[in-house]
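First to last, the sequence lines map onto chains A and B. If you count by the numbering used here, then the first sequence holds residues 1 to 379, one letter each, in order. If you count by the numbering used here, then the second sequence holds residues 1001 to 1425, one letter each, in order. To keep things clear, I will list the structure first and then write my remarks on it.
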Amino acid sequence: MKHDIMNELQRIMEQNIADIEQAKAEGQSVIGFYCLYSPTEIAVAADAIPLPLCGTNNNPIAAAEEKLPRNLCPLIKSSFGFAVTDTCPFFQFSDIIIGDTTCDGKKKMFELLSRYKTTHVLQLPQSQDTAMALSLWRSELERFRKIVETQTGVVINDDRLRAAIRLMNRERGARKALMDVNKDKPAPLAGSQLLEILFKAGFLADKKKGISLMEEVIVETKNGAFRSKDLRGGSRKRILLTGVPVGLGSDKVVKIVEQSGADVVAFENCSGYKQAFFVDEKTDPLDALAEQYLATPCSVMSPNNGRFDLLKEMIQEFSADGVIDLTWMACHTYNIEAVRIAEFVQETFGMPILHLETDYAESDTEQLRVRIEAYLEML
Amino acid sequence: MSEDYTSMWEGLGLDLAGHDALLEVLGNGYQDIYLAQKDRPEGMGYFDFVMSEVHGLRIKELLDEKAAGRKVIGSFCVFVPEEIVQAADATLVGLCTGADFAMDEVEKLLPRNTCSLIKSAFGFKLGKVCPYLETSDMIVGENTCDGKKKSYETLSTLVPNLYVMDLPQVKSAEARALMKAEYLRFKGAVEDLTGITIDAARLKKGIEIVNNKRKAIYRLSNLRKADPAPISGLDALLANQIFFYDNPVRFTESVNKMCDELEKRIEKKEGVFPEKAPRILISGCPMAVPNWKLPWIIETSGAVIVGEESCVGERGTRNLTDDNWDTEEELMEAIVDRYFKVDCAIFTPNPDRLEHIEEMVKTCKADGVIHYGLQFCQPYLMESIPLEKALEEKNIPTLRIETDYSMEDVGQLKTRVEAFVEMIK
């Protein structure tokens, strides 16, 4: 069954490219997103296709370094590299790009990216708490709505927004339910499998296809299709991965943890559980979007208390034995926050944390392996 | 130092041994870099004195002010509006960030690849060697770059009186509204701290004091346009650095007095460097005391620095605050207008900065630009690459330097700077 599902996913992925091409030919717009903060609902509400953009692969980094400083985070370099080498189909498909003023590296990268494709940068506040933050973000989403209206020619009324919120809530609900299967002990789904499914499903233009596929995976994991009881074993340490986003191509830490005999049972990052939120379907839709998306507990916020709360909840619910905090090299916000995250986990759970700072290259794999094995040994 | 300040430093909780070591390094550096220069204006005597007493007499003055009921507010950034502080009869001081100190301790709290300026601020606190920080009744942080924004969260566990100001990242109407709201909140915080209600008359007075200081610095900048340059870039940088520490009224008088002298020098065609010496504009990250490494390398390589496009320099001081208003509301708007123009690389996009550099190259008659980027300072490093390209397209030779506060790369930098100076001759 596992192979059937993974084959089905592969088939859908290939079909996806053809679907997007056809949709574009029929006049549908495609909007590329770089960050979790900008609501995809606004694109969906205008019948446009929201696509995440490539940025998890090491290959285009060399090309990016011709135009960017070397000591910049690999995610930014990879994203930019894909754009300049024109090797990301999703970037090619995008009619416009939406960026946010999240971190310094990204916001300054978008200035250069805009030379390659129309890029609209939303001003994300740096704090969630000040009186101005929410109203500023709401006005940026209003501007975003107009940008999409101009692009698509569709007037995005509240009904359209509400319908989009309902659809995206269903998608996030399916993602969350899928991630939650690993609350079971032992974990029915390997972290690398979960990551692959979430990653690939994220690129699907047809949200409903993605939702039903994830629902199917949930059923099958519970039947033991992915990891039979005896293969799973009961003694594998349960690791929660927190910090920067990971995807296919930037998943070396997940692989090393698994090769070292432990499981990554949960991802507290924006490719994982930071997406497990629910937008209020009852209030004014733009208010609801502004409030919920602004609450995303990313380290670009100061303070970022939401991440501490989320970590606490996840460590408990996923019965984590250990926490690995991953920082991409030169990502200042996660890197600086790491000291306080480590203190918090130690104080709250008496649990040591392993903080890793690395990039997408393979050169430090063995060094990481030694540190990860030593950490697992200690637990 | 003319007096023994040991008991004062002890009273501030400084680590005396560490502080002595710091002062010794500072004194030696000053001797080698500043006092070794030839033909300095006599007016620099005042600044030499200020530097010799930077941890002594000036701190004593601040403590005397505090005893008389004034408050001292410490800041790390040119976005903190000094007008509001002066309006409440308080004093704004720049906090120490120009040298590596207690790095072993700092790197337990901050990643190694954090910029020197931020690590230095922590080092001076952890090493207990910054009397300005210990004298401050309130320390103001600001959400500018990622590094500062996040490190203030940690700094707040080290000091009891940190106040953080949020700032926008773009230059839209909504962004300006955010800045205004934050400046109003800051005004309220200063009022709470001082117990003084800041009205229109007080704002006008605050604006006047700070504008006068700026005007004096503009006068100095203008005189540097002469060839031969009447003052070295190092000395002019020092005046710009002391801008952040000294009593503003006395500072204004001292700069103006020195400018009188420079005017006479210019009339007589006297300079600190020979006529036609290659002229350099520095652009990029700020240089706080005692971060004199790059200017020293440049000016011992036969070139003269004729301007600083930097927060410690024109980016920080340019533009007066318009005081031609009557109400408190209007004056606050004028203050916001003035600071919203600051073309810091934290803004996206930031096209004014390129224009400003080009304008400075013209007015200062610079032969080339040296871009100074602090290692790991993403906003400035990211901007430096397209800036260099844009300047070179306009036939303005540009050298991009990325460095930190250590002295390890002096030889390498010297080689690169010498080659650049040779090229623009």
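Just so it is clear, CB atoms sit at the ideal spot from N, CA and C, and this is done for glycine as well.
Can you name, in chain order, every residue of its own chain whose Cβ lies under 7 Å from the Cβ of residue i, other than the five neighbours on each side?
i                       : result
residue 1124 of chain B : 1096, 1101, 1130, 1133
residue 89 of chain A   : 17
residue 328 of chain A  : 73, 74, 75, 244, 359
residue 167 of chain A  : 44, 207
So, for residue i: in the same chain, excluding its five sequence neighbours on each side, which residues have a beta-carbon less than 6 Å away from its beta-carbon?
i                       : result
residue 71 of chain A   : 330
residue 1303 of chain B : 1278, 1280, 1421
residue 300 of chain A  : 102, 103, 333
residue 1264 of chain B : none
residue 1207 of chain B : 1083, 1321, 1323
residue 163 of chain A  : none
residue 1156 of chain B : 1162
residue 26 of chain A   : none
residue 320 of chain A  : 238, 240
residue 1286 of chain B : 1310, 1311, 1312
Using beta carbons (cut-off 8 Å, strictly below), is residue i in contact with chain A?
i                       : result
residue 1181 of chain B : yes
residue 1161 of chain B : no
residue 1403 of chain B : no
residue 1166 of chain B : yes
So, under 8 Å CB-CB, residue i and residue j are touching, yes? Tell me the CB distance rounded to an integer number of Å.
i                       : j                       : result
residue 1398 of chain B : residue 1388 of chain B : 5 Å
residue 1121 of chain B : residue 1076 of chain B : 6 Å
residue 48 of chain A   : residue 28 of chain A   : 7 Å
residue 1072 of chain B : residue 1093 of chain B : 6 Å
residue 1151 of chain B : residue 1118 of chain B : 5 Å
residue 1346 of chain B : residue 1386 of chain B : Not really, about 16 Å apart at Cβ, beyond 8 Å.
residue 1166 of chain B : residue 127 of chain A  : 5 Å
residue 1209 of chain B : residue 1086 of chain B : 5 Å
Verify the CB distance criterion: does residue i have a CB-CB separation below 8 Å to chain B?
i                      : result
residue 330 of chain A : yes
residue 123 of chain A : yes
residue 69 of chain A  : yes
residue 13 of chain A  : no
residue 339 of chain A : yes
residue 302 of chain A : yes
residue 22 of chain A  : no
residue 131 of chain A : yes
residue 178 of chain A : no
residue 33 of chain A  : no
residue 111 of chain A : yes
residue 105 of chain A : yes
residue 336 of chain A : yes
residue 117 of chain A : no
Where do the ends of the alpha helix (DSSP H) carrying residue i lie?
i                       : result
residue 136 of chain A  : 131-152
residue 369 of chain A  : 365-378
residue 1317 of chain B : 1314-1317
residue 110 of chain A  : 104-113
residue 171 of chain A  : 158-180
residue 1221 of chain B : 1200-1223
residue 1131 of chain B : 1131-1135
Could you pull the start and end residues of the beta strand (DSSP E) that residue i belongs to?
i                       : result
residue 266 of chain A  : 263-268
residue 1405 of chain B : Neither: residue 1405 of chain B is in no beta strand (DSSP E) and is coded neither H nor E.
residue 119 of chain A  : 119-122
residue 27 of chain A   : Element bounds for residue 27 of chain A: n/a, residue is neither H nor E.
residue 322 of chain A  : 322-328
residue 1165 of chain B : 1162-1165
residue 358 of chain A  : 353-358
Within its chain, find whatever has a CB closer than 8 Å to the CB of residue i; leave out the 5 residues flanking it on each side and keep chain order.
i                       : result
residue 1220 of chain B : 1231, 1236, 1239, 1255, 1258, 1259, 1262
residue 1212 of chain B : 1248, 1249, 1252
residue 220 of chain A  : 1, 2, 5, 226
residue 1223 of chain B : 1230, 1231, 1259, 1262, 1263, 1266
Could you say if the region 1041-1054 of chain B and the region 1257-1264 of chain B meet the contact criterion of at least three C-beta pairs nearer than 8 Å?
yes
I want to know whether the region 1318-1336 of chain B touches the region 73-88 of chain A - three or more CB-CB distances under 8 Å.
no
Counting Cβ pairs closer than 8 Å, one from the region 274-285 of chain A and one from the region 175-184 of chain A, do we hit at least three?
yes
Between the region 1181-1190 of chain B and the region 113-121 of chain A, do at least 3 Cβ pairs fall closer than 8 Å?
no
Is there contact here, the region 1297-1314 of chain B with the region 1359-1379 of chain B, by at least three beta-carbon pairs under 8 Å?
yes
If we count Cβ pairs, one from each stretch, closer than 8 Å, do we get three or more for the region 304-324 of chain A versus the region 347-361 of chain A?
In short, these stretches touch, since the Cβ pair count reaches three.
Tell me whether the region 31-40 of chain A and the region 51-62 of chain A touch, counting them as touching only if at least three CB pairs, one residue from each stretch, are closer than 8 Å.
The region 31-40 of chain A is in contact with the region 51-62 of chain A.
Say whether the region 263-271 of chain A touches the region 191-201 of chain A, bearing in mind that this needs 3 or more beta-carbon pairs closer than 8 Å, one atom from each stretch.
yes
Within the chosen definition, does the region 243-261 of chain A reach the region 157-169 of chain A through at least 3 CB pairs nearer than 8 Å?
no
Are the region 1397-1414 of chain B and the region 89-100 of chain A touching by the rule of at least three beta carbon pairs closer than 8 Å?
no
Please determine if the region 1018-1026 of chain B and the region 1237-1257 of chain B are in contact, where contact requires at least 3 C-beta pairs separated by less than 8 Å.
no
With three or more beta-carbon pairs closer than 8 Å as the criterion, would you say the region 6-25 of chain A touches the region 125-139 of chain A?
no
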